[in-house]
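Protein chains in written order, with the numbering used here: chain A, 1 to 188; chain B, 1001 to 1179.
To keep things clear, I will list the structure first and then write my remarks on it.
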């Protein structure tokens, strides 16, 4: 079974829930509807034998709707194929957890929650994992300045603003061409 | 074969060959001499600098040549805190707390770019230098510094301790009361 056949099988089984498919440099990506995400993931694990969840990450398309996008990387040890599954999420939506399918998703989803602020429905222990409980921001969002924002939690932790001095530079999200997306120093 | 000439010392005169005999020195010099040659480090290893710190402690570079081999993992027994690595905001207050637990007199070495200034991490998560929280005696450049650099920093700290008015500083409150 090749990854292309896997993509065809998903399309055949889920029909309209598959919004788009993409092949780039031998990597196959399937965009699915968020409502059917959990069903697709379960089917991938049980029927298509993707027994290893390599990574869970997220994207912030600031200025677009829906704003966020979940990215899941799957691998099957028995057939050696990779598959990427994506689902768009708007700001007020929760994502169904896949930690019931792959226990490794537990901490991955906590990291996504910590850095991006996406919530996961049905997650057994949705707490921050890198920053401390009570930290008020989501640092990997595009509207969060790279130099940070000050925050204060007496006797727990605190943050200040790091001097950027004109750099390093941040990619400008939502630009129409590469010139508009050119990384530039930003002050928020 | 003639006996070797005794080494001339100006700060404190000690010769193991005349142990039991009397020798004269200033109390400051004696205290400083004892302190600087038995600095017990509190290894605050937070990132890759800690690997160089370990190398400094191991046989090739051998920090015990300078009397600082007794790494204490309890701050109550330590004299010098070697902050080696990136201090994140989440870790910063823990470092400060351990520093507060160390008894006086105490010194601090900021080892490497991160501990000195935040280094390459101009970001939301990293404290821009441990000197924002605790007083630093010696800064060591490098990313990470080589063990020789740490030893140089240690020797500079020893030179600094040598110049301290340890007795007056220690009895400051008593002397003020008497005066």
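In this text, a Cβ means the ideal position worked out from N, Cα and C, and glycines have one as well.
These figures come from a predicted structure and were not determined experimentally.
| task | Enumerate in chain order the residues of its own chain whose CB-to-CB distance from residue 82 of chain A is below 6 Å, with the five nearest sequence positions on each side excluded. | result | Exclusion of the five residues before and after residue 82 of chain A leaves 75 as the residues of its chain whose Cβ lies within less than 6 Å of its Cβ.
| Secondary structure at residue 8 of chain A, three-state DSSP: helix, strand or coil? | It is helical.
| request: Over the uninterrupted beta strand (DSSP E) stretch that includes residue 977 of chain B, give me the two end residues. | output: Limits of chain B in this structure are 1001 at one end and 1179 at the other, which puts residue 977 of chain B out of reach.
| Expressed to the nearest angstrom, what Euclidean distance is found between the alpha-carbon atoms of residue 80 of chain A and residue 43 of chain A? | So the two alpha carbons sit approximately 17 Å from each other.
| task | Counting only the same chain and skipping the five closest in sequence on each side, list residues whose C-beta sits under 7 Å from that of residue 158 of chain A. | result | So the list reads 151 and 152, once near-sequence residues are dropped.
| request: Quick one: using the 10 Å Cβ neighbour count with 16 as the cut-off for buried, is residue 156 of chain A buried or exposed? | output: Exposed.
| message | Here's the rule: buried if 16 or more other CB atoms are within 10 angstroms of the residue's CB, otherwise exposed. What is residue 161 of chain A? | response | In summary, residue 161 of chain A is exposed, with fewer than 16 beta-carbon neighbours lying within 10 Å of its beta-carbon over all protein chains present.
| query | Would a check of beta-carbon distances place residue 1007 of chain B closer than 9 Å to chain A? | reply | Its pLDDT being 48, under 50, residue 1007 of chain B is placed unreliably in this model, and the coordinates cannot settle the point.
| said: Between which residues of its own chain and residue 1009 of chain B is the CB-CB distance below 7 Å, once the five residues before and five after are set aside? | reply: With a pLDDT of only 48 at residue 1009 of chain B, under the threshold of 50, the placement of this residue in the model should not be trusted, and no figure is reported.
| Where residue 1001 of chain B sits in the DSSP three-state scheme | Only weak support is given to the placement of residue 1001 of chain B: the predicted model assigns it a pLDDT of 41, under 50, and the value that follows is read from those uncertain coordinates. Taken through DSSP and simplified to helix, strand or coil, residue 1001 of chain B comes out as coil.
| message | residue 1153 of chain B and residue 1144 of chain B - do their beta-carbons sit closer together than 9 Å? | response | Contact flag unset, no.
| field | Residues from the region 1106-1125 of chain B in contact with chain A, defined by Cβ distance under 8 Å | value | Within the region 1106-1125 of chain B, the qualifying residues are 1118, 1121, 1122, 1123, 1124 and 1125.
| message | Would you say residue 41 of chain A lies against chain B (beta-carbon separation less than 9 Å)? | response | False, the Cβ-Cβ gap to chain B never drops below 9 Å.
| request: Along the beta strand (DSSP E) that carries residue 113 of chain A, what are the first and last residues, could you check? | output: Taken as a continuous stretch (DSSP letters only), residue 113 of chain A belongs to no beta strand (DSSP E), being part of the alpha helix (DSSP H) at 105-116.
| task | Check residue 138 of chain A in the structure and name its three-state DSSP category. | result | Looking at residue 138 of chain A - three-state DSSP - the assignment turns out to be coil, as it is neither helix nor strand.
| said: Contact criterion: CB-CB distance below 9 Å. Does residue 1139 of chain B meet it with respect to chain A? | reply: Taking Cβ atoms only, chain A never reaches closer than 9 Å to residue 1139 of chain B, which makes this a no.
| query | Quick one: what does DSSP say residue 1178 of chain B is sitting in, helix, strand or coil? | reply | Three-state DSSP puts residue 1178 of chain B in a helix.
| Short CB-CB distance (under 9 Å) between residue 1128 of chain B and chain A | Interface criterion met: the Cβ of residue 1128 of chain B is under 9 Å from a Cβ in chain A.
| query | Got a sec? Which residues, its chain only, sit under 7 Å from residue 1070 of chain B by beta carbon, not counting five neighbours each side? | reply | Excluding positions up to five away in sequence, the list reads 1040.
| C-alpha gap between residue 1049 of chain B and residue 97 of chain A, whole angstroms | For residue 1049 of chain B and residue 97 of chain A, the distance between alpha carbons rounds to 38 Å.
| DSSP state of residue 25 of chain A, grouped into three classes? | Coil, per DSSP.
| query | Is the CB of residue 1068 of chain B under 9 Å away from at least one CB in chain A? | reply | No - not a single Cβ of chain A is within 9 Å of the one on residue 1068 of chain B.
| message | At the 9 Å Cβ level, is residue 1047 of chain B part of the contact set with chain A, yes or no? | response | Closer than 9 Å: no.
| message | Pairs of beta-carbons, one from the region 65-73 of chain A and one from the region 13-22 of chain A, closer than 8 Å: are there three or more? | response | Judged by Cβ distances under 8 Å, the region 65-73 of chain A makes no contact with the region 13-22 of chain A, as fewer than three pairs qualify.
| residue 131 of chain A: contacting residues in chain B (beta-carbon distance under 8 Å) | The answer, in chain order, is 1090 and 1125.
| Is the Cβ-Cβ distance between residue 1141 of chain B and residue 1179 of chain B less than 9 Å? | Remark: C-beta atoms of residue 1141 of chain B and residue 1179 of chain B do not approach each other more closely than 9 Å.
| said: Would residue 70 of chain A and residue 90 of chain A qualify as a contact pair, given that the criterion is a beta-carbon distance under 9 Å? | reply: Taking 9 Å as the cut-off, the Cβ atoms of residue 70 of chain A and residue 90 of chain A do not count as close.
| query | Is residue 38 of chain A helix, strand or coil when you go by DSSP? | reply | Residue state, collapsed to three classes: helix.
| task | Helix, strand or coil for residue 264 of chain A, going by three-state DSSP, please let me know. | result | One cannot answer for residue 264 of chain A here, as it falls past the ends of chain A, which runs 1 to 188.
| said: Suppose the cutoff is 6 Å on Cβ atoms and the five residues either side in sequence are ignored; what does the same chain contact list for residue 104 of chain A look like? | reply: In the same chain as residue 104 of chain A, and ignoring 5 residues on each side of it, the C-beta atoms closer than 6 Å to its own belong to 53, in chain order.
| request: Over the uninterrupted beta strand (DSSP E) stretch that includes residue 195 of chain A, give me the two end residues. | output: Beyond the ends of chain A as shown, which are 1 and 188, falls residue 195 of chain A; an answer cannot be given.
| query | Which ranges would you report for the alpha helix (DSSP H) in the region 1108-1160 of chain B if only whole runs of at least 4 residues count? | reply | For the region 1108-1160 of chain B, whole alpha helix (DSSP H) runs of length 4 or above, ordered along the chain, are 1112-1117.
| DSSP-derived helix/strand/coil call for residue 1095 of chain B | Residue state, collapsed to three classes: helix.
| Bridge partners - residue 1103 of chain B, DSSP secondary structure assignment | Bridge partners of residue 1103 of chain B: none, in fact.
| field | One or two residues paired with residue 150 of chain A in a DSSP bridge | value | Residue 150 of chain A is not bridged to any residue.
| task | Would you mind stating whether residue 2 of chain A and residue 11 of chain A have Cβ atoms separated by less than 9 Å? | result | No, Cβ-Cβ distance for residue 2 of chain A and residue 11 of chain A is not below 9 Å.
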